[in-house]
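These notes concern the structure reproduced below.
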Amino acid sequence: MPRNLLSSFLGRRGTAAALGVTLATAGVAALPAPAMASHSQASIIEDFSDAYLPAQTLQQFRALGANTVRVVLPWDLLAPHAGSAHKPSVNLRNPNAYSGWAPYDAIVREAAADGMTVDMTVSGGAPRWAEKQAPPPAPGVNPQYVAWKPNGADYGQFMYAVARRYDGHFTPTHQSSPLPRIHFWAIFNEPNFGQDLGPEASNGSRRPLAAMYYRSLVAQGWRALRATGHKHDTILIGELAAKGSEPHPPTRRWPQGLPGNYAQTRPLLFIRDLYCVNARFQRLRGGAAWAAGCPTTARGSRQFRRRNPALFQAGGFAIHPYDGQASPVSRAGQRADYATFQDFGSLERTLDRVNHVYGSGKHFRIFNTEFGYITNPPVRGQGYASPARAAYWMNWSEYLSWRSGRVASYMQYLLQDPRPNAGAYNGFASGLKFPNGKPKPAYGAYRLAVYMPRTNLRRNASAEVWGNARPAPFMKKDRDGNQFVAIQLNRRTIRTQRVNDGFFDLHMRFPHSGTVRLAYRYPKHDSFLPLTDLGKTVYSRSFRVRVR
């Protein structure tokens, strides 16, 4: 999510604003190989609003069926003397050189107590002493959020400190037990967005720079994780924004050209720059290679794969595939080099081709790590979907992800819409709840996902019904026996389906037209569930089928 949008509803940045809490329903340690990914993909949810209350937050998410917490850890917020241009004379690989760990430690401990995994995204901005120069001022840009020409080695030292703190053996000062181990990581956030990593390009936007800096961050972060015992962990690279500016030379309106300092580089272009290839997937040479920070000689190019192991060995490639105003299969408004949800095929082919250039047969799993549908209301007049349509699109897109052999996760951002600010709604209203806490149709759609590719049926025809009873895997761990979901027509159960792993995909006949929904009953006893959920029957969204 763009930092300026985040700050618009979180106000002046503090610990709560800097924390991203994300949950996934499939344990990362057991994430499947690509051929089986569709049958156990992770389900992710993220929200910032309750960062100071990890116990209550995790309880809400657990009731929705989540089991992995994603925490976005900002380098500049923890770094010593972050506003100074002078690097502090301390051991920056030592976790005790940094401060402000308390809320992160609390979430890590609480997640472990609740049986949840933590995904740690180690991101920017950068402390001033780790930047080559101060970020230039620009309207609407907070320089504190930006990593401006960051020093990769300094980032690597921070990653080393974070990885040591959460290696399962580190006991913080004044605490009596070690912090739990983290084994799921992501290196930086939206490096193709200039307000996270800048500049995106220089020399009138003719020289791409962000991919060069990100390449260094990835190399140093990867090295630090492996040096601290996290060699076999799941490590993601990418975390890219899905859209970006059409490359453009300088104009009066855009004196730096586009993407310039702070705009977005289109993600597939960013990937080609990251892997030092051109639009025809040929290795860069000469001046073009030098401008992108790539090897300029054939010998150097042959060593590229060996010198950049993370680009070829990472556990997955992460994307934030927002489209915003279109269905999961719509091509309206799509552009070259985008990586929205509709562009997953192009993203996969691009990643395969850049690997192939260097003799690698790697086929990265694609992790959807930030995604959602803004609704109208509360945002009005901007072409966003109604709450009911957004719930439908949510289930449709998750079904398509599940059917894919490469997409390893499905994501929902946020839990609750931010509150209006100064009378104008300038938040990111993609939550499962409205700003006042009232559930949207998406709340039930997320907890009990259901989708039918065809709802106009011939009598006695078999129809596909797909779903995900998201809480079921957790409940199975806490209770003996199996978990079931009821498929209801006009509120009467016509089939009961076992859902121990959450997902199901079946074919069945409908006796007549009517309204379809899923029903699921929580257990009567569960120490981790909110009291209001114990023994409660909950429902999916409802939709019509026509039998003719």
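First residue of the sequence shown: 0, per numbering that gives the first Met the number 0; consecutive thereafter.
Quick reminder that beta carbons are idealized off the backbone N, C-alpha and C, glycines included.
Item: Proximity winner among Gly286, Ala309 and Asn260, relative to Arg225 (alpha-carbon distances); Value: Ala309
Item: Thr536 (DSSP reduced to helix, strand or coil); Value: strand
Item: For Asp504, the three-state DSSP class (helix, strand or coil); Value: strand
Item: As assigned by DSSP and simplified to three states, the class of Tyr409; Value: strand
Item: Phe269 versus Gly228, Gly323 and Leu196, residue with shortest Cα-Cα distance; Value: Leu196
Item: Terminal residues of the beta strand (DSSP E) in which Ala518 lies; Value: Gly513 to Arg520
Item: Residue closest to Arg446, alpha-carbon to alpha-carbon, out of Ser39, Gln40 and Ile44; Value: Ile44
Item: First through last residue of the alpha helix (DSSP H) which encompasses Tyr154; Value: Gly151 to Arg164
Item: Cβ separation of Gly285 and Gln263, assumed to be a contact under 8 Å, to the nearest whole Å; Value: With a Cβ gap of about 27 Å, Gly285 and Gln263 do not count as contacting.
Item: Minimum length 4: unbroken alpha helix (DSSP H) runs contained in the region 207–238; Value: 209–226
Item: Limits of the unbroken alpha helix (DSSP H) element including Leu399; Value: Pro386 to Arg402
Item: Residues near Met323 in its chain [Cβ-Cβ closer than 8 Å; skip 5 each side]; Value: According to the sequence provided, residue 323 is Gly. The question's Met does not apply to it. Taken in chain order, the residues that qualify are Tyr372, Ile373 and Tyr383.
Item: Environment of Met507 [buried if 16+ CB atoms lie within 10 Å]; Value: exposed
Item: Close beta carbons around Val484, own chain, < 6 Å, minus the five adjacent residues each side; Value: Ala468, Gln496, Val498, Leu517 and Tyr519
Item: Beta-carbon gap between Glu109 and Leu77 smaller than 8 Å; Value: no
Item: Rounded straight-line distance, which links the Cα of His168 to that of Ser176; Value: 9 Å
Item: Residue burial classification, Trp289 (beta-carbon count within 10 angstroms, cutoff 16); Value: exposed
Item: Inter-residue spacing [alpha-carbon to alpha-carbon] between Gln219 and Tyr154; Value: 7 Å
Item: Cβ separation of Lys148 and Gln174, assumed to be a contact under 8 Å, to the nearest whole Å; Value: With a Cβ gap of about 37 Å, Lys148 and Gln174 do not count as contacting.
Item: Contacts around Val546, its chain only, beta-carbon distance under 7 Å, and the 5 residues preceding and following it disregarded; Value: Leu456, Arg458, Phe509, His511 and Ser512
Item: Cβ neighbour criterion (16 or more within 10 Å) applied to Ala389; Value: buried
Item: Cross-strand partners of Gly563 (DSSP beta bridge); Value: Given that the chain is displayed from residue 0 to residue 547, the structure contains no residue 563 and the question cannot be resolved.
Item: Nearest residue (CA-CA) to Thr126, options Asn66, Trp221, Gly82 and Gly314; Value: Strictly speaking, residue 126 in this sequence is Pro, with Thr absent from that position. The shortest C-alpha separation from Pro126 is found at Gly82.
Item: Touch test, the region 291–309 against the region 346–353, Cβ-Cβ under 8 Å, three pairs minimum; Value: no
Item: Distance CB(Leu414)-CB(Leu431) smaller than 8 Å; Value: yes
Item: Range of the contiguous beta strand (DSSP E) that encloses Gln559; Value: With the chain running from 0 to 547 in the structure shown, residue 559 is simply not present.
Item: Length of the line joining the Cα atoms of Arg305 and Leu283; Value: 17 Å
Item: For Asp75, the three-state DSSP class (helix, strand or coil); Value: helix
Item: Nonlocal neighbours in the same chain, by C-beta distance under 7 Å from Val328, ignoring five residues either side; Value: Gln341
Item: Closest residue to Phe316 among Met211, Pro254, Ala185 and Leu216 (Cα-Cα distance); Value: Ala185
Item: Beta-carbon proximity of Gly123 to Ile234, cut-off 8 Å; Value: no
Item: Closest residue to Thr492 among Thr514, Asn93 and Arg252 (Cα-Cα distance); Value: Thr514
Item: Euclidean distance between Cα positions of Ser98 and Trp74; Value: 11 Å
Item: Beta-ladder partner(s) of Thr116, from DSSP; Value: Thr67
Item: Pick from Ala152, Ile181, Ala96 and Pro171 that is closest to Val70, judged by C-alpha positions; Value: Ile181
Item: Sub-8 Å separation of Phe473 and Val353 beta-carbons; Value: no
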